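The structure appears below as structure tokens.
Protein chains: 2
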Amino acid sequence: MRFQKLKRFSCFVFYSIFKTKMVKKLASKNNKIELGLLENSSFKALLNSKYQFSKKIVIVDENTQELCWPFLLTTFEELKEAEVIVLPTGEENKVMEVCFQVWGAFTNYQVQRNDLIINLGGGVVTDMGGFIASVFKRGVDFINIPTTLLAMVDASVGGKTGINLDVHKNQLGVFSNPELTICDASFLATLPEKEMISGKAEIIKHALINSRSFFDELTQYLEGVPNDEILAKAIQIKADIVDQDFREQGERKKLNFGHTIGHSIEGLLLHNKIEVTHGECVAWGMLVEAYISHEVATLPKNELQEIEQLIRGQYETLAINDTIFDSLIQLMKHDKKNNSDKINFTLLQKIGLAKINYQLEEDVILRALNHVFGQ
Amino acid sequence: MRFQKLKRFSCFVFYSIFKTKMVKKLASKNNKIELGLLENSSFKALLNSKYQFSKKIVIVDENTQELCWPFLLTTFEELKEAEVIVLPTGEENKVMEVCFQVWGAFTNYQVQRNDLIINLGGGVVTDMGGFIASVFKRGVDFINIPTTLLAMVDASVGGKTGINLDVHKNQLGVFSNPELTICDASFLATLPEKEMISGKAEIIKHALINSRSFFDELTQYLEGVPNDEILAKAIQIKADIVDQDFREQGERKKLNFGHTIGHSIEGLLLHNKIEVTHGECVAWGMLVEAYISHEVATLPKNELQEIEQLIRGQYETLAINDTIFDSLIQLMKHDKKNNSDKINFTLLQKIGLAKINYQLEEDVILRALNHVFGQ
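Protein chains in written order, with UniProt numbering: chain A, 1 to 375; chain B, 1 to 375.
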């Protein structure tokens, strides 16, 4: 507990530098998102009103059980009777077998529809916990408390829940919104550096598809923990896009930039037991897709170079070479984003402006992969 | 194929007796339901418009593969390239392991979000097929073609999809509407007598909770295949209730009449490998709950007797005695419909008028079980 308090103390210091003790409510019609200290958010009020008589089940992973849960337990007396379910850490555990065990536990705890699931963790916990809650008895309410940068800016906003099926990322899932998402940046003090860098990839993506000025701002602040202003901008861009198109019929596909390539890289490397973060894969996916954007869309050469400089400067090169290009392409064909045998891409017309639904042939993709990963 | 044609021919004769070659579109804001011959419904037009370029995957069980699928294959050339997935027949196969195999097949067929799943079968096929489609890539469109009476009047209307978890019925699932449901009564000619009797239980339930006059009408027509008018009335009652309350916050709980007891009976008997239909369990569940309605709500004695006469006249007594009453109560406590340790019931105030949210103690339930099943 001492350790945990120390963590929070250090967070608090970091936090107050940015003068964000107030909780900021982000504007979104589909998602209720708050940014700021958990204890100042509407979390406590919710526990004491709508969920006063509900069982509370907290889903954590091994990391957040140790680093984050003790803070909640000591801060919110409403949680002292809560049941805690600990998921094994890591993307390779985002699978049905684990869900099954959790549903078994729900059954033992006699979880009912009007109870409450609290997902405390990174993207694996919020994605899988959201899925587990949404499917149990056709839907139990859940609250997301993302503890990683990636989950704050991406996974816990937008109502996508899901798990993997073999090498296929998020192949099973539903669209389902949490009752509330609280992004408390003080949890980021518990985050390993590689996870921080992973999360930044999605922030970069939000800038690339939506805002040239945000991209310029980012290039100034890429070191260390992003401040609350950057977090708020990154989350707001996603929330706005999701509001326009919850079920990903059009506009929301912009958020897939970097992910057609990125997901296939991630699926294949994880399948080959090579440890890699989602953000790293997305970062390199964005670079490949920036190459394609230059060839197929209108991304100017100098902007491609800006992107290349940023990615190569921030992200270590991945263990990819031309022997696995074909496997990558096969995986892309299974991607949710495709409508036919051609592969669907979101590309950049310029930095800050994305366009959806480019249907590309394999040769274009192979050329770009060669540009980025070729010897 | 000869056999199949014969079946359809006999259906057609039956069908024309009731002068229902026209397709009736039922009024519902949440569900698009058509009642009449499949070939005259908007099924063909949908296949040729929205789903013209989609892969078609037909989910059947071993019975409908033999008895119903050949008719579709020969009638709709749009389906000649369709992939057919055959589920093992029976409620005991409505489980995640089977879903898993189907998702594996979807992955092999490279099913995409804009493809189409066609569920052709009884409640197990429409419940499980709907769940499988709704969860794959966060939702692939599906069309329900129920082939049993139970599925026509109940399972395929209202957006509930789901599978069982151990002895817990529909413990996993989502609310998700099909693109279209077509109830073609000519498929009922392929139905074994016990399945017909099973389906009638839900029709009786719709009358009991909603319409005294429909109940009186039913008592005249309980033998043989229900005509289209009865089908239409039964389906419309459900569709109206679902329209008012899709996510079962209130009004929709009326449809649970008979099911708190019925589900627990069904779960326990199936667990003990005793073959029983859903409708039989619901019928006896309704009788037990009618006893409770007489004791706790205002159901008059003479109306209880009317219900008892109808159920005991139509349904063979189940293999239940007082040694399993405690197990039944334990199962009820796991029911989705509960909000606390008490057990939630929908009861009858009179025939044609149900009231929701009676929270009952075990002793009331035990007394009613004893009345119905006691020696």
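Idealized CB from N, CA, C, for every residue including glycine. These numbers were taken from a predicted model, which means no experiment stands behind them.
For Gly313/B, the enclosing alpha helix (DSSP H) has its first and last residue at 301-314. Nearest CB-CB separation between Gly162/A and chain B: below the 8 Å threshold. Relative to Ile329/B, the option among Phe345/B, Tyr315/B, Leu318/B whose CA is nearest is Phe345/B. Collapsing the DSSP output to three states places Thr74/A in a helix.
Phe175/A reaches chain B at Arg138, Gly139, counting residues in chain order whose Cβ is nearer than 8 Å. Nearest C-alpha to Lys355/A among Asn108/A, Leu208/A, Ser176/A, Asp322/A: Leu208/A.
When 7 Å is used as the limit between beta carbons, Leu165/A is near these residues of chain B: Trp103, Thr107, in chain order. Shown here is that no member of the segment 33-52 of chain A has a Cβ falling below 7 Å from a Cβ of chain B. At a cut-off of 8 Å, the C-beta of Phe345/A has no neighbouring C-beta in chain B. Closest option to Asn164/A, judged by alpha-carbon separation, among Ala232/A, His263/A, Lys44/A: His263/A. The Cβ atoms of Ala155/B and Gly123/B lie closer than 8 Å to each other.
Rounded to the nearest angstrom, the gap between the Cα atoms of Thr323/A and Val98/B is 36 Å.
Gln110, Gln112, Arg113, Asn114: these are the residues of the segment 108-121 of chain A whose beta carbon lies less than 8 Å from some beta carbon of chain B, given in chain order. Using a Cβ-Cβ cut-off of 8 Å, Met96/B counts as an interface residue toward chain A, since at least one Cβ of chain A sits closer than that to its own.
Per the coordinates, the alpha-carbon of Val140/A lies some 31 Å from the alpha-carbon of Gln110/B. The C-beta of Phe100/A comes closer than 8 Å to at least one C-beta of chain B.
Straight-line spacing of the CA atoms in Asn272/B and Lys80/B works out to 42 Å. Every alpha helix (DSSP H) stretch that sits fully inside the segment 42-126 of chain A and reaches 4 residues is listed by chain position as 43-48, 62-67, 69-75, 96-108. Using beta-carbon distances, His371/A does not count as an interface residue toward chain B, since no partner is under 8 Å. By the CB criterion at 8 Å, Arg113/B and Lys94/B fall outside the cutoff. In the structure shown, the three-state DSSP call for His294/A is helix.
From the listed residues Gly279/A, Glu308/A, Cys281/A, Glu280/A, the smallest Cα separation to Ser293/A is found for Glu308/A. Not one beta carbon of chain B lies nearer than 8 Å to the beta carbon of Ser186/A. For Ser134/A, the chain B residues whose C-beta falls within less than 9 Å of its own C-beta are Val174, listed in chain order. The residue from Leu150/A, Leu360/A, Glu217/A, Pro226/A with its alpha-carbon nearest to that of Gly279/A is Leu150/A. In the assembly as shown, Arg247/A is an exposed residue. Its beta-carbon has fewer than 16 other beta-carbons within 10 Å. Against chain B, the CB of Gln171/A has a partner CB under 8 Å away; the residue lies at that interface. Take the alpha-carbon of Ile351/B and the one of Asp245/B: they are about 22 Å apart. Taking 8 Å as the cut-off, the beta carbon of Leu360/A is found no closer than this to the beta carbon of Lys333/A. As the crow flies, the alpha-carbon of Asp335/A is around 12 Å from that of Ile265/A. With contacts defined as CB atoms closer than 8 Å, Asp363/A and Lys29/A fail to qualify as a contacting pair.
Around Ile311/A, the same chain offers Ala283, Leu287 as residues with beta carbons nearer than 6 Å, after the five sequence neighbours per side are excluded. Ranked by Cα distance from Gln171/A, the options Leu120/B, Thr107/B, Thr148/B are led by Thr107/B.
The shortest CA-to-CA distance from Ala319/B to any of Val167/B, Asn119/B, Glu275/B is the one to Glu275/B.
By the CB criterion at 8 Å, Ile237/A and Leu35/A fall outside the cutoff.
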